[in-house]
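Residue numbers (full-length UniProt numbering): 1 to 231.
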């Protein structure tokens, strides 16, 4: 009987140690991802209450507000509506997020962030699938992600992006949803959207686009929603 209790005690301790170890591992953070998040944070004028727990004093970035990880790698960053207003992003703050090589979902919407978004996505974001930076004050060329072969959703609604629309790069990935409403795009509606073979939603309303509509806009087999008013 004594042997049974000793074995039972050993089994319980082993299970507890395994659980504790697994729980700690779930909050471990890849050093490269940690450095990227800290660099992004340093590029903000003020963090306010939106980035609770962020900072060099806590290296377990997988437990930070808005951060989700898989096996220690950051796969989702959801900072939507985090009261980050009155921030002009300094330097390469957003480009630093491109170093998150496993990041699939980025949401910075509804924060009132201002400044330029790296037009080429900082040359990073290789795993990105969904990007939502709507309802901010970003300016300059719209972001594209030439190194992201799995991009499916790009929502930049309600910013101040200007210039033309880079259809060639956008359609090089299997993008399904493009929401470009309420910006400051100008010039003709570009030809080339026909290259977006699986595009289902295209919103270009509320800009300054002019000219006639390109013919390939009518030759998109998957297109279900098209919005062009107020141009």
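We put the beta carbon where it would ideally sit given N, CA and C, even for glycine.
Please check the pair residue 178 and residue 145, which I expect to be a contact at CB under 8 Å, by giving their CB distance rounded to whole angstroms. Position 178 of the chain shown, counting from 1, holds the residue named residue 178. Position 145 of the chain shown, counting from 1, holds the residue named residue 145. Between residue 178 and residue 145 the beta-carbon gap is near 12 Å, outside 8 Å, which marks them as no contact.
For residue 105, write down the residues that DSSP places opposite it in a beta bridge. For this step, residue 105 is matched to residue 105 along the chain shown. DSSP lists 76 and 130 as partners of residue 105.
Leaving out five residues before and five after residue 212 in sequence, what residues of the same chain have Cβ atoms less than 7 Å from its Cβ? Within the chain shown, residue 212 is the residue found at index 212, counting from 1. Take residue 212, set aside five residues on each side of it, and no residue of its chain has a beta-carbon closer than 7 Å to its own.
Nearest-angstrom Cα distance between residue 96 and residue 229? Your numbering for residue 96 matches position 96 in the chain shown. Your numbering for residue 229 matches position 229 in the chain shown. Spanning the two alpha carbons is a distance of roughly 36 Å.
Same chain only: Cβ atoms within 6 Å of residue 26, ignoring 5 sequence neighbours per side: Here residue 26 corresponds to residue number 26 of the chain shown, with the count starting at 1. Confidence at residue 26 is low in this model, with a pLDDT of 49, below 50, so the placement of that residue is unreliable and no value is reported for it.
Coarse secondary structure for residue 41, derived from DSSP in three states: Working through the chain shown from its first residue, we reach residue 41 at position 41. In the structure shown, the three-state DSSP call for residue 41 is helix.
In or out: residue 160 buried (at least 16 other Cβ within 10 Å) or exposed? Start at 1 with the first residue of the chain shown, and residue 160 comes out as number 160. Residue burial annotation: residue 160 is exposed, with fewer than 16 other C-beta atoms found within 10 angstroms of its C-beta.
Residue 59: buried (16+ other C-beta within 10 angstroms of its C-beta) or exposed? As a first step, residue 59 must be located in the chain shown, where it is residue number 59. Answer is exposed; the Cβ neighbour count stays below 16.
Identify which residue in 192, 126 and 105 has its Cα closest to the Cα of residue 154. The sequence position of residue 154 within the chain shown is 154, counting from 1. The candidate whose alpha carbon is nearest that of residue 154 is 105.
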